[in-house]
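My numbering numbers the first residue of the sequence shown as 82 and each following residue consecutively.
Note that the Cβ used here is the ideal one computed from N, Cα and C, for glycine as well.
Everything numeric in this text was worked out from a predicted model, so none of it was measured.
Here is the structure we will look at, set down as structure tokens.
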Amino acid sequence: MKLAFIGMGNMASALAGGFIASGKLAATDIIAYDPYREGLLKKAAQLGFTAADTAAEAVQAADTVLIACKPQHVESALAPIRELLCGKAMLSIALGFDHARYQELLPTGVRVQFIMPNTPAMVGEGVFLFEETTTLRAEELAEVKELFAAIGHVHTLPSQLMGIGGAVSGCGPAFVDLMLEAFADAAVKYGIPRSLAQQMVSETVLGSAKLQLETGLHPGVLKDMVCSPGGSTIKGVTALETSGYRAACIAAIDAIMKG
82 MKLAFIGMGN
92 MASALAGGFI
102 ASGKLAATDI
112 IAYDPYREGL
122 LKKAAQLGFT
132 AADTAAEAVQ
142 AADTVLIACK
152 PQHVESALAP
162 IRELLCGKAM
172 LSIALGFDHA
182 RYQELLPTGV
192 RVQFIMPNTP
202 AMVGEGVFLF
212 EETTTLRAEE
222 LAEVKELFAA
232 IGHVHTLPSQ
242 LMGIGGAVSG
252 CGPAFVDLML
262 EAFADAAVKY
272 GIPRSLAQQM
282 VSETVLGSAK
292 LQLETGLHPG
302 VLKDMVCSPG
312 GSTIKGVTAL
322 ETSGYRAACI
332 AAIDAIMKG
């Protein structure tokens, strides 16, 4: 695969770096264009990919194109390359630009796959939601999924579930970060130094998530394993329940889905 990035921000550079580090792509297999030339050249020097002078140059050098610019810039970014995309596979991580939207914007002959990433992709633990509706060829889709699976976890969702999927995996890291900050604040309140408090809390959440994934046990079962009768943990759990902890989590998703 020869992959062209249109846009080379934080997420795009994390993907490019991950693809290279995984060995799935060589740096020479990647070419990128970004209007912010200074940032593009800096990342190209760091990762070893080719920096294109124009979007057209990048597209013409590749068989697969990844649209990685901000959503508000997608249409203007597509304008000079629309016709050049014909006959190529096009991937997009731009929020709000699903398969149906691209069908309106692009000429016939462009094969499209919408992928929703999340920020843990920056450390090789991304969750990548692939829209089930796609015009990629079967062999192209398999190759792209294998590429992304090398730097995270790949799931396929029907088009109508991409919204809720993105609310959970795309927005979810912010909610987890808020929880990490709050519990670290509590630890600092009772005397633990800030840096150690943050490390302990993050390690606790990471370990708890890994325990659930590897055992397959329901989170409620794992919670009960820690809650001794009359013990400290059940008192803390009760305080969270009284404060509407579960309801707040659900309300956060509701707020996103209502727009």
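In this structure, does DSSP put residue i in helix, strand or coil?
i	result
Phe100	helix
Thr214	coil
His299	coil
Ile162	coil
Met171	strand
Phe178	coil
Val191	coil
Gly325	coil
Thr132	The sequence as given places Ala at residue 132; Thr does not occur at that position. If DSSP states are grouped into helix, strand and coil, Ala132 belongs with the strands.
Ile334	helix
Tyr114	strand
Met197	strand
Ala202	helix
Gly120	helix
Gly317	helix
Gly288	helix
For the putative contact between residue i and residue j, defined by C-beta atoms under 8 angstroms, what is the C-beta separation to the nearest angstrom?
i	j	result
Met203	Ala95	4 angstroms
Ile87	Ala139	7 angstroms
Leu128	Ile101	6 angstroms
Ala328	Phe256	Between Phe256 and Ala328 the Cβ distance is about 14 angstroms, and since that is not below 8 angstroms, they are no contact.
Taking the CB atoms as reference points, tell me whether residue i and residue j lie closer together than 7 angstroms.
i	j	result
Met89	Lys124	yes
His180	Val191	no
Ile232	Gly272	no
Ala149	Ile174	yes
Tyr114	Ala133	yes
Gly120	Pro152	no
Phe209	Val225	no
Ala143	Leu84	yes
Phe130	Ala108	yes
Asn199	Ser283	no
Sort the options by Cα distance to residue i and report the nearest one.
i	options	result
Ala336	Leu159, Gly207, Thr314, Gly244	Gly244
Leu277	Ala265, Gly288, Val286	Ala265
Leu186	Cys330, Arg327, Thr319, Cys167	Cys167
Leu238	Thr214, Ala255, Ala332	Thr214
Val197	Phe229, Arg218, Glu224, Glu221	The sequence given here places Met at residue 197; Val does not occur at that position. Nearest C-alpha to Met197: Phe229.
Thr285	Ala320, Glu212, Met260, Thr296	Met260
Leu147	Phe195, Thr189, Gly301	Phe195
Gly253	Ser157, Gly207, Thr189	Gly207
Ser103	Glu227, Ser313, Asn199	Glu227
Thr242	Ser324, Thr131, Met338, Met306	First, the residue type needs correcting, since residue 242 is Leu and not Thr in the sequence shown. It is Met338 whose Cα lies nearest to the Cα of Leu242.
Tyr183	Val257, Lys105, Lys304, Thr216	Thr216
Asp258	Leu294, Lys304, Gln280, Ile111	Gln280
Going by DSSP, what residue range makes up the beta strand (DSSP E) through residue i?
i	result
Leu261	No beta strand (DSSP E) contains Leu261, which is instead part of the alpha helix (DSSP H) from 253 to 270.
Val235	233 to 238
Val146	145 to 148
Ile87	84 to 87
Between residue i and the ligand SAM, is there a pair consisting of the residue's CB and a ligand heavy atom that are separated by less than 6 angstroms?
i	result
Tyr114	As for the ligand SAM, it is missing from this structure, which has no ligand bound.
If you follow the alpha helix (DSSP H) that residue i is part of, which residue opens it and which one closes it?
i	result
Gly244	243 to 246
Leu228	219 to 230
Under 7 angstroms, Cβ to Cβ, is there at least one residue of chain C near residue i?
i	result
Cys330	Of the chains in the structure shown, none is chain C; there is only one protein chain.
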